[in-house]
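*Asks:* Sharing a structure with you now.
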Amino acid sequence: TDQMVQSGFWTLIHWTAALSVNLGVINLLPLPALDGGRLLFIGIEAIRGKPISTEKEGLVHFIGFALLMLLMIIVTWNDIQRLFM
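In the working numbering, the protein residues as written are 11 to 95.
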């Protein structure tokens, strides 16, 4: 933001780095459609000793992605409603 830029270049760099690390950590959550979900499938395959079918994994990732998009829509809708209250 403008306030960040006025507070100094290194503050902006630190803020950007913190945001990047937080996004990386969230991406590693074991949720389908995120990288952590893929790692979870790799772990399950390693424990079972055989691969999960591509169709089943794709379906799980699709459903996970759809649920994440639904969550984003709900959160955005609530934020927009709060603006007008």
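Using N, Cα and C, we set each Cβ at its ideal position, and we do this for glycine too.
Check whether the Cβ atoms of residue 47 and residue 38 lie closer than 7 angstroms to each other.
*Replies:* No. Outside cutoff.
*Asks:* Express the C-alpha separation of residue 91 and residue 83 in angstroms, rounding to a whole number.
*Replies:* C-alpha separation (whole angstroms): 12 angstroms.
*Asks:* Output yes or no for whether 7 angstroms exceeds the beta carbon distance between residue 43 and residue 94.
*Replies:* Taking 7 angstroms as the Cβ cut-off, residue 43 and residue 94 do not qualify as a contacting pair.
*Asks:* Does residue 60 come out as helix, strand or coil in the three-state DSSP assignment?
*Replies:* Three-state result, residue 60: coil.
*Asks:* From the DSSP output, in three-state form, read off residue 72 for me.
*Replies:* Note: residue 72 maps to helix in three-state DSSP.
*Asks:* Quick check on this structure: which residue in 36, 52, 28 and 33 has the alpha carbon closest to the alpha carbon of residue 67?
*Replies:* When each option's Cα is compared against that of residue 67, the closest is 52.
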